[in-house]
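Novice:
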DNA sequence: CGACGCATTGACAGGGCTCAATTTAAGTGG
DNA sequence: CCACTTAAATTGAGCCCTGTCAATGCGTCG
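Chains as they are written, first to last, in our numbering: chain A, 195 to 421; chain B, 195 to 421.
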């Protein structure tokens with residue numbers, strides 16, 4: 195959506211095309227189907243992944259059932275840097291959303307590349323600081339804000355990250371279920387469902403099964419900020 | 195407490211003493227009194243701080259009153275890296291706990307140092323990944339766990355970070371009020387007070403005004419893990 | 001000693017989670 | 001193209017956890 199924000203978190207930002215190509219060549223590119231699970235079962239090795247196309251859904255599970263959705267990782271962003279730096283498992287689950295292409299590097303290669311190209315380290319810090327800030331805000335909201343407001347903010351956040359404008363409306367262009375929105379917001383699918391129903395009556399959103407269209411972004415923003 | 199964990203997050207880890215001294219010399223060392231507020235009012239400039247002694251309390255405020263405590267920053271850790279990398283304000287509040295000594299670098303100096311010494315970037319990434327993971331866990335807990343368990347986990351977390359052993363007991367060796375523990379846990383001081391009172395009857399903790407002693411760490415761990 | 005801030009405790013209400021029952025929509029195979 | 005299956009979404013009812021408010025107690029410091 196926003197090209198500037200994009201490049202800000204882009205792993206390869208600030209490099210020449212040649213350097214970037216070389217770095218990507220040294221990793222293993224893989225095309226993944228929707229709902230492929232990474233990091234755990236079926237994943238060959240501990241690698242750090244760069245998303246080229248599609249989207250990774252990072253989550254964290256508690257005791258059977260309870261789950262939170264940490265973040266969606268879009269093109270240009272890295273996942274599982276921790277495996278490289280600490281050499282241990284990354285304690286989150288990852289699943290692809292839609293057709294996804296990633297590049298993976300193993301620990302040794304990644305450390306080599308970082309040593310050769312300091313700019314990458316800087317980019318990684320920026321990106322992890324951004325994520326930290328994002329999570330800090332959501333942490334605060336989870337404690338301080340009522341569910342409906344939080345749902346609004348979640349929608350807006352996802353919209354900013356992966357929205358596609360169509361006239362006055364904004365379409366979230368990947369499938370997201372009530373359950374997932376609930377996990378992202380920190381609530382239950384029931385509450386999400388009720389809330390979206392209410393908003394649909396007000397004309398703020400339209401939704402089909404796992405598809406959400408924000409019909410009146412302005413109203414949502416107002417609601418999320420004052421209520 | 196744990197020297198290994200310490201070095202892991204140490205900004206200067208992996209450098210020779212000489213290099214470290216030189217880097218610190220290029221910043222501005224300052225001694226701060228308890229409850230000095232950083233980052234905002236009274237803070238001369240946007241700087242990145244390294245804590246040498248004492249402790250910084252990072253928080254984030256919502257609308258009047260509501261506040262969450264993001265993290266305590268101990269010796270060897272950095273705060274406000276974002277100001278260096280993005281050149282903008284760091285959206286959290288910081289306050290010193292007890293007598294504290296910090297070194298501050300401005301944006302330009304910091305970038306120079308990083309360029310000269312890539313190891314620092316690596317350390318910064320490690321540290322921010324650790325924090326990210328910590329916050330992810332707390333985010334999950336805030337959503338999935340009941341208050342009492344969360345309070346237990348908060349206490350244990352703080353204990354690990356700043357506990358001092360004394361026989362079987364562990365003393366948290368800086369003053370922490372009910373309100374602060376509540377902000378850290380994501381609850382209210384009333385609930386914290388009730389819970390601590392109950393635990394005191396069970397002999398799990400002892401507490402005086404703003405001082406907490408964990409009398410039976412084992413029981414607390416068991417409780418936090420099962421219930 | 002008085003005053004202020006921190007802590008305790010009780011009573012109460014309500015937001016939102018839980019559980020259960022339907023309805024709707026999307027696949028699937030004949 | 002239609003029955004059939006399965007997953008997602010809706011909606012209602014009830015209740016419990018925990019936040020809110022108010023009153024009181026207690027330790028510390030000027």
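Note that beta-carbon positions come from the ideal geometry of N, C-alpha and C, so glycine has one too.
1. Tell me which residues share the same chain as residue 317 (chain B) and place their Cβ nearer than 6 angstroms to its Cβ, disregarding the 5 neighbours each side in the sequence.
2. Using only the alpha-carbon positions, how far apart do residue 327 (chain A) and residue 283 (chain B) sit?
3. Residue 333 (chain A) versus chain B: which residues are under 9 angstroms apart at the beta carbon?
4. Can you round the beta-carbon distance between residue 246 (chain A) and residue 269 (chain A) to whole angstroms, since I take them to be within the 8 angstroms contact cut?
5. Can you round the beta-carbon distance between residue 322 (chain B) and residue 319 (chain A) to whole angstroms, since I take them to be within the 8 angstroms contact cut?
6. Is the separation between the beta-carbon of residue 273 (chain A) and that of residue 252 (chain A) shorter than 8 angstroms?
7. Going by beta-carbon coordinates alone, are residue 299 (chain A) and residue 223 (chain A) separated by less than 8 angstroms?
8. When Cβ atoms are compared, which residues of the segment 278-297 of chain B fall closer than 8 angstroms to chain A?
9. Name the two residues that bound the continuous alpha helix (DSSP H) containing residue 377 (chain B).
10. Using a Cβ cut-off of 8 angstroms (strictly closer), state whether residue 269 (chain B) contacts chain A.
11. When you compare only the Cα positions, how much space is there between residue 349 (chain A) and residue 334 (chain A)?
12. So if I threshold CB-CB distances at 8 angstroms, which residues from the segment 302-326 of chain B count as touching chain A?
13. Output the distance between the C-alpha atoms of residue 296 (chain B) and residue 368 (chain B), rounded to the nearest integer angstrom.
14. CA-CA distance, residue 347 (chain A) and residue 336 (chain A)?
15. Output needed for residue 404 (chain B): all residues of its chain with C-beta closer than 7 angstroms, excluding positions within five of it in sequence on either side, in chain order.
16. Determine the chain A residues that contact residue 275 (chain B) at a beta-carbon separation under 8 angstroms, and present them in chain order.
17. Exposed or buried, which one is residue 325 (chain B) when buried takes at least 16 other CB atoms within 10 Å?
18. To test your reading of the DSSP string, which unbroken beta strand (DSSP E) runs of 3 or more residues are found completely within the segment 374-413 of chain A?
19. Return helix, strand or coil for residue 284 (chain A), following the three-state DSSP convention.
20. Pull the bridge partners of residue 442 (chain A) from the DSSP assignment, please.
21. Going by the CB atoms, is the gap between residue 209 (chain B) and residue 423 (chain A) shorter than 8 angstroms?
22. What runs of the beta strand (DSSP E), each 3 residues or longer, lie entirely inside the segment 196-275 of chain B?
23. Beta-carbon within less than 6 angstroms of residue 376 (chain B)'s beta-carbon, same chain only, minus the 5 sequence neighbours each way: which residues are those?
24. Contact check, residue 365 (chain B) vs residue 358 (chain B) under 8 angstroms by CB: the rounded distance?
25. Label residue 390 (chain B) either buried or exposed according to how many other C-beta atoms from any shown protein chain fall within 10 Å of its C-beta, with 16 as the threshold for buried.
26. Within its chain, find whatever has a CB closer than 6 angstroms to the CB of residue 287 (chain B); leave out the 5 residues flanking it on each side and keep chain order.
27. Is the beta carbon of residue 414 (chain A) less than 8 angstroms from the beta carbon of residue 406 (chain A)?
28. Within its chain, find whatever has a CB closer than 6 angstroms to the CB of residue 401 (chain A); leave out the 5 residues flanking it on each side and keep chain order.
29. For residue 395 (chain B) and residue 277 (chain A), I'd like the C-alpha separation in whole angstroms.
30. Which residues in the same chain have their Cβ closer than 7 angstroms to the Cβ of residue 412 (chain A), if we skip the five residues on either side of it in sequence?
31. Hey, residue 289 (chain B) and residue 230 (chain B): beta-carbon distance below 8 angstroms or not?
32. What is the DSSP secondary structure of residue 339 (chain B), reduced to helix, strand or coil?
33. Would you mind working out which of A:378, A:399 and A:294 sits nearest residue 260 (chain A), comparing C-alpha positions?
Specialist: From the atom records:
1. Counting from 1 along the second chain, the entry for residue 317 (chain B) is found at position 123. Correct list, in chain order: 205 and 207.
2. The count along the first chain starts at 1 and reaches residue 327 (chain A) at position 133. The count along the second chain starts at 1 and reaches residue 283 (chain B) at position 89. The alpha-carbon atoms of residue 327 (chain A) and residue 283 (chain B) are separated by roughly 12 angstroms.
3. In the first chain, counting from the first residue as 1, residue 333 (chain A) sits at position 139. In chain order: 254, 262, 264, 329, 332, 333, 336 and 380.
4. In the first chain, counting from the first residue as 1, residue 246 (chain A) sits at position 52. In the first chain, counting from the first residue as 1, residue 269 (chain A) sits at position 75. So it is a contact: roughly 6 angstroms between Cβ atoms.
5. To locate residue 322 (chain B), count along the second chain from 1; it is residue 128. To locate residue 319 (chain A), count along the first chain from 1; it is residue 125. Right, their Cβ atoms sit about 6 angstroms apart.
6. Within the first chain, residue 273 (chain A) is the residue found at index 79, counting from 1. Within the first chain, residue 252 (chain A) is the residue found at index 58, counting from 1. In this structure, residue 273 (chain A) lies near residue 252 (chain A), with their beta-carbon atoms less than 8 angstroms apart.
7. The count along the first chain starts at 1 and reaches residue 299 (chain A) at position 105. The count along the first chain starts at 1 and reaches residue 223 (chain A) at position 29. In this structure, residue 223 (chain A) does not lie closer than 8 angstroms to residue 299 (chain A) by Cβ.
8. 279, 280, 285 and 286
9. Start at 1 with the first residue of the second chain, and residue 377 (chain B) comes out as number 183. First-last of the alpha helix (DSSP H) with residue 377 (chain B): 372-379.
10. One-based indexing of the second chain puts residue 269 (chain B) at position 75. It does not: the Cβ of residue 269 (chain B) has no partner Cβ on chain A nearer than 8 angstroms.
11. By one-based count along the first chain, residue 349 (chain A) stands at place 155. By one-based count along the first chain, residue 334 (chain A) stands at place 140. Our two residues, residue 349 (chain A) and residue 334 (chain A), have alpha carbons roughly 17 angstroms apart in a direct line.
12. 308, 309, 312, 315, 316, 318, 319, 320, 322, 323, 325 and 326
13. Residue mapping note: residue 296 (chain B) aligns to position 102 of the second chain, counting from 1. Residue mapping note: residue 368 (chain B) aligns to position 174 of the second chain, counting from 1. The straight-line gap from Cα to Cα measures roughly 18 angstroms.
14. As a first step, residue 347 (chain A) must be located in the first chain, where it is residue number 153. As a first step, residue 336 (chain A) must be located in the first chain, where it is residue number 142. Each residue's alpha carbon lies about 11 angstroms from the other.
15. By one-based count along the second chain, residue 404 (chain B) stands at place 210. Result list for residue 404 (chain B): 369, 370 and 371, in chain order.
16. As a working note, residue 275 (chain B) is residue 81 in the second chain. Residues of chain A passing the Cβ test: 319 and 323.
17. The residue labelled residue 325 (chain B) in the question sits at position 131 within the second chain. Looking at its Cβ environment, which holds 16 or more other Cβ atoms inside 10 Å, residue 325 (chain B) is buried.
18. 399-402 and 405-408
19. Here residue 284 (chain A) refers to the residue found at position 90 of the first chain. Residue 284 (chain A) falls in the coil class under three-state DSSP.
20. The requested residue 442 (chain A) is not part of the displayed model; chain A covers only 195 to 421.
21. Missing from the structure shown is residue 423 (chain A); chain A here goes from 195 to 421 and no further.
22. 222-226, 241-255 and 261-267
23. Here residue 376 (chain B) refers to the residue found at position 182 of the second chain. When the five nearest sequence neighbours on each side are left out, the beta carbons in the same chain lying within less than 6 angstroms of the beta carbon of residue 376 (chain B) are those of 382, 383 and 386, in order along the chain.
24. Translated into positions along the second chain, residue 365 (chain B) becomes position 171. Translated into positions along the second chain, residue 358 (chain B) becomes position 164. Going by Cβ atoms, the distance from residue 365 (chain B) to residue 358 (chain B) rounds to 5 angstroms, so yes, they are a contact pair.
25. Numbered from its first residue, the second chain carries residue 390 (chain B) at position 196. Here residue 390 (chain B) is buried. Its C-beta has 16 or more other C-beta atoms within 10 Å.
26. Working through the second chain from its first residue, we reach residue 287 (chain B) at position 93. The answer, listed in chain order, is 253.
27. As a first step, residue 414 (chain A) is located in the first chain; it is residue number 220 there, counting from the start. As a first step, residue 406 (chain A) is located in the first chain; it is residue number 212 there, counting from the start. In this structure, the beta-carbon distance from residue 414 (chain A) to residue 406 (chain A) does not fall below 8 angstroms.
28. Taking the first chain and counting its residues from 1, the one referred to as residue 401 (chain A) is at position 207. For residue 401 (chain A), where only same-chain residues beyond five positions count, the Cβ hits under 6 angstroms are 390.
29. One-based indexing of the second chain puts residue 395 (chain B) at position 201. One-based indexing of the first chain puts residue 277 (chain A) at position 83. Spanning the two alpha carbons is a distance of roughly 44 angstroms.
30. Taking the first residue of the first chain as 1, we reach residue 412 (chain A) at position 218. Contacts found: none.
31. Translated into the one-based positions of the second chain, residue 289 (chain B) becomes position 95. Translated into the one-based positions of the second chain, residue 230 (chain B) becomes position 36. Yes, these two residues count as a Cβ contact at 8 angstroms.
32. Position 145 of the second chain, counting from 1, holds the residue named residue 339 (chain B). DSSP places residue 339 (chain B) in coil when its eight states are reduced to three.
33. In the first chain, counting from the first residue as 1, residue 260 (chain A) sits at position 66. When each option's Cα is compared against that of residue 260 (chain A), the closest is A:378.
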